[in-house]
Amino acid sequence: RTVPGELKWAASPSEGGWEEVSIMDEKNIPIRTYQVCNVLEPNQNNWLRTDWIPRSGAQRVYVEVKFTLRDCNSLPGVTGTCKETFNLYYHESNEDRESYIKENSFIKVDTVAADESFTQVDVGDRIMKLNTEVRDVKVTTRKGFYLAFQDVGACIALVSVRVFYKTCPLTVRNLATFPDTITGADTSSLVEVRGSCVNQSEEREEPKMYCGADGEWLVPIGGCLCNPGYEEKGGACKACSAGFYKAKSTDPGCAKCPPHSHSLRDGATVCDCHSGFFRADSDPPSMACTQPPSAPQQLISVVNETSVVLEWAPPHRLGGRSDTSYSLECLICQTGSHGHTGVRLCAPCGSDVLFSPGQAGLKTTRVVVSELRAHTHYTFIVHARNGVSQASGAGAAQSVSVSVTTNQATPSPVSFIQATDVTRHSLSLSWQQPDRPNGVILEYEVKFYEKDQRERSYRIMRTFSRSVDVTGLNPLTVYVFHVRARTAAGYGEFSTPFEFSTNSDPFPLIGEGVNSAFLLLSVSGVGILLLISAAVFIISRRRSKYSKTKQDSEEEKHLNPGVKIYVDPFTYEDPDQAIHEFAKEIDVSCIHIEKVIGMGEFGEVCSGRLRAQGKREIYVAIKSLKAGYSDKQRRDFLSEASIMGQFDHPNIIRLEGVVTRCKPLMIITEYMENGSLDAFLRKHDGQFTVIQLVGMLRGIASGMKYLSDMNYVHRDLAARNILVNSNLVCKVSDFGLSRVLEDDPEAAYTTRVRHIPIRWTAPEAIAYRKFTTASDVWSYGIVMWEVVSYGERPYWDMNNQDVIKAIEEGYRLPAPMDCPVVLHQLMLDCWERDRAERPTFSQILNMLDKLIRNPGTLRTITCISTFILPTGTMLESGVGSEVCVSVIPEMCVEMDRLGIITPSHQDMLIASVQQEIFSQMQHMQHTMVPV
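In terms of the UniProt record's numbering, the sequence shown is residues 1 to 931.
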């Protein structure tokens, strides 16, 4: 429209066809148009071709055509020759060198018709009735293309032709730049684009997004983080200003310098400490700078012979930290002489000195020092330290000291006594000097008594040596011996008791140190061990029996678990509370989207892989929520995950988790390779055995029994909402319309949804919006019909009102071709008008199990060679094999034996089969069976 001069597009024929004409639009602005109006002559073939249009990398272009078209009824005498359409073509070419139109090289895009046409009166009123049509063309093989318009006899004017392609615009998402990207060649394709981190940022995870066919960015994954010293502002990374810092890229933003620190430049990653303040290596940059503690206060000591109790108060100044600890230094000091000046010489204490609770790293302010020497001068130094005491420039640790002199002390106990030369009335004892004599040992005292007397009557012997001969003992008697040493400070403590026994033999036992007490104890020990072993054996036998009984009880408990009750997520005020209670949050980094497999109610449905930490990679389906969603759409989207998250059954679609902490929101479920059941059956029409079909129905019934046991109603049970995996396992899915039932089994849910799937819904649910498990059973009967008919549409092309009317009049769907009578009878039971008469899912599951165990009952009865109508007329059937009518009652008896139908059903079943046969005779396959 904006070209000021002539366009000079190629026209064929060059005369009498399309003409370039300048006209005035409704605003009296001159515009260039191409017009043709050869409506009086038949067989028009007028072509108009544009100039060569470079493709510019586009894979799919869009052509917007604005045109006016004359109403053929307003033109007299043009009947049969006037048209109200024209054709749009395109031709790809690498260069602009084609000077004439080659009609056979062009590919047709579409036939374009006008929504509004004008008459001569309209033209007089100067009201231009413009039609705008847009068509898309896939162009991928050449550098450019031509467009062509073919007139076949219309009165038409092209006012505007606009050719464009779509791109996802340059954008910054999660600190990653995504360039302007041309959309894919197909309307459903996604172009994966890898982003690049903005300046002063680093990858957190490989950033990528998908460019959709409509020019919108979808499914952002990964992203970047600003480098240390920089924070995100307006999609870019800006340096932290002076006085602020950022230590790690994962920190949310720049923070003010902590106390006693500063930063003098932009982009600081850590703040420097003020003079006299320090930061330990383990301190985070967010921690204030601190100082070492001052010296401990009020150190006091209490000497008790060769031990000292030290106590002190914490430092007056802790330096702003809470990790103050204490350590002790122990020195032995002596005064010597150096010239005329006394010099105090100190050396570290030996390793035999004990500190309780310890010598270093103390949190308490009290220590007991023991095992010191008697009459010795000690100096104890208590140091106070914290996390910055070792920092460069912090100086030495502050300390306080005290000097003490230990008192005169008694010897330590004798640690070991040995008996030799044991006879009936004597034995010889010997021992080692105490570990700490604490002076000169003046003598040893030996106390002994018979073990049975327990120190009620004892004897004392004294000796200057470390051995003694004890005589006057009774034979075969156990004696207890104690030994203690004495110095000028007094007696030390007695040793621990040592037991020795005299002998019955007048001669000593061979071997030093061997005594009869040891032998007696050994024999006694062996006897006790035997008794313990017997007791352990008996107890273990009893415990094994108990364990087995307990295991059996646990197994029985497992076989009859408690029934889990479904919780309606719409009862939660906050939908996030429900989703986090029933669904697992998945990190978006664990999800890899591969391709779009469909469109859901809220957005795209993709397939991909999930790799959770510590688990193997699995294929999953990914539902995403489109951008621009409302609060209600978000709640409805998440409610489906809250519902699925409560179910755990092999025939219910499994929820892997959700993504709610970043956009877009996602629901992750297991991937079902064969898709929906109805499409799968249509694709494999007639390829399964009856047993295989019944197996599919059995899986669906098992899943629905699980839902009904949880007091849950599905409301939208249909083959399209059943998914099939690679092993032909059917799983119930799509819980968008579902709601919970009350505790009362007769309770129903009144739907707020206007649109109800009429063909699958029970009459009471259609009429009164009342949904129960019984209405799900009705829908299950329709699913049975869909499965046996290999995905045929229930009630075929009847409209919804006709379906409702037929059901009210008592008609039901006939048995599909080759359908076993027992299966059709089960369908009819599911379609009982009185919902109380319909079977439960538990009963349905039992029926299907019996059919699988007895495949002979699945014989097909679809036709009979001859059949007598009530009027006595004889009809002949030419369909299939011949089956005698008399087999029907026999089969009913067999079905009754299996518990599939009762005798009261037999007349109804025979009437149903008769009606089916009559319908087949009349070739009326779409007529329903009357009940």
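C-beta: ideal position from N, C-alpha, C; glycine also.
Being a predicted model, the structure only gives us computed values, none of them experimental.
Residue nearest to Arg49 within the set Asp96, Gly645, Arg833 is Asp96 (criterion: CA-CA distance). For the options Val402, Leu429, Asp435, the alpha carbon positioned closest to that of Val414 is the one of Asp435. Contact between the stretch 146-162 and the stretch 171-190 is absent: fewer than 3 CB-CB pairs across the two stretches fall below 8 Å. Just measuring C-alpha positions, the residue of Trp217, Pro839, Ser117, Arg60 sitting nearest Pro664 is Trp217. Counting other Cβ atoms within 10 Å of its Cβ, Tyr712 reaches 16 or more and is therefore classed as buried. If you keep only unbroken alpha helix (DSSP H) runs of at least 4 residues inside the stretch 113-180, you get 120-124.
The C-alpha of Ala774 lies about 41 Å from the C-alpha of Cys662. Cα atoms of His262 and Ala288: separation of roughly 10 Å, rounded to the nearest angstrom.
Around the beta carbon of Lys8, fewer than 16 other beta carbons sit within 10 angstroms, so the residue counts as exposed. Per DSSP, reduced to three states, the secondary structure at Cys590 is helical. Here the alpha carbons of Phe735 and Lys770 stand approximately 17 Å from one another. In this structure, the alpha-carbon of Gly144 lies about 10 Å from that of Asp51. Taken through DSSP and simplified to helix, strand or coil, Asn104 comes out as helix. Within 10 angstroms of the beta-carbon of Pro575 lie 16 or more other beta-carbons, which makes it buried.
Residue environment for Glu6: exposed (fewer than 16 other C-beta atoms within 10 angstroms of its C-beta).
If you check the CB distance, Val308 and Leu264 do not come in under 8 Å.
Within its own chain, the residues whose Cβ lies closer than 7 Å to the Cβ of Asp323, once the five positions on either side in sequence are excluded, are Asn386, Gly387, listed in chain order. Judged by their CB atoms, Leu813 and Pro839 are not nearer to each other than the 8 Å cut-off. Here the stretch 400-409 makes contact with the stretch 364-381; the two share three or more CB pairs at distances below 8 Å. Cα atoms of Gln200 and Pro220: separation of roughly 21 Å, rounded to the nearest angstrom. Its chain contains Asn674, Val724 as the residues whose beta carbon lies nearer than 7 Å to that of Phe680, once the 5 sequence neighbours on both sides are disregarded; these appear in chain order. According to the DSSP assignment, Phe498 belongs to the beta strand (DSSP E) that extends over 498-501.
About 7 Å separates the beta carbon of Arg835 from that of Ala762, a gap short enough to meet the 8 Å contact definition. A residue is called buried when at least 16 other Cβ atoms come within 10 angstroms of its Cβ; Arg853 does not meet this threshold and is exposed.
A direct Cα-to-Cα measurement between Ser356 and Pro292 gives close to 25 Å. Excluding the 5 residues flanking it on each side, Arg142 has same chain C-beta neighbours closer than 8 Å at Arg55, Glu92, Ser93, Asn94, in chain order. The stretch 685-697 and the stretch 617-624 do not touch, with fewer than three beta-carbon pairs separated by less than 8 Å.
Contact check for Glu670 against Arg654 passes: the beta carbons are separated by less than 8 Å. DSSP places His377 in no alpha helix (DSSP H) but in the uninterrupted beta strand (DSSP E) bounded by 377-385. Closest in alpha carbon position to Arg682, among Cys237, Gly77, Val787, is Val787. For His316 and Thr571, the gap between their C-alpha atoms comes out near 59 Å. Restricting attention to Glu808, His824, Ile807, the CA atom closest to the CA of Ala815 is found in His824. About 7 Å separates the beta carbon of Asn131 from that of Leu69, a gap short enough to meet the 8 Å contact definition.
The C-beta distance from Thr306 to Asn503 rounds to 42 Å, too long to meet the 8 Å contact threshold. Between Gly212 and Arg634, the alpha-carbon positions lie close to 21 Å from each other.
Counting C-beta atoms within 10 angstroms of its own C-beta, Tyr100 has fewer than 16 neighbours from the protein chains shown and is therefore classed as exposed.
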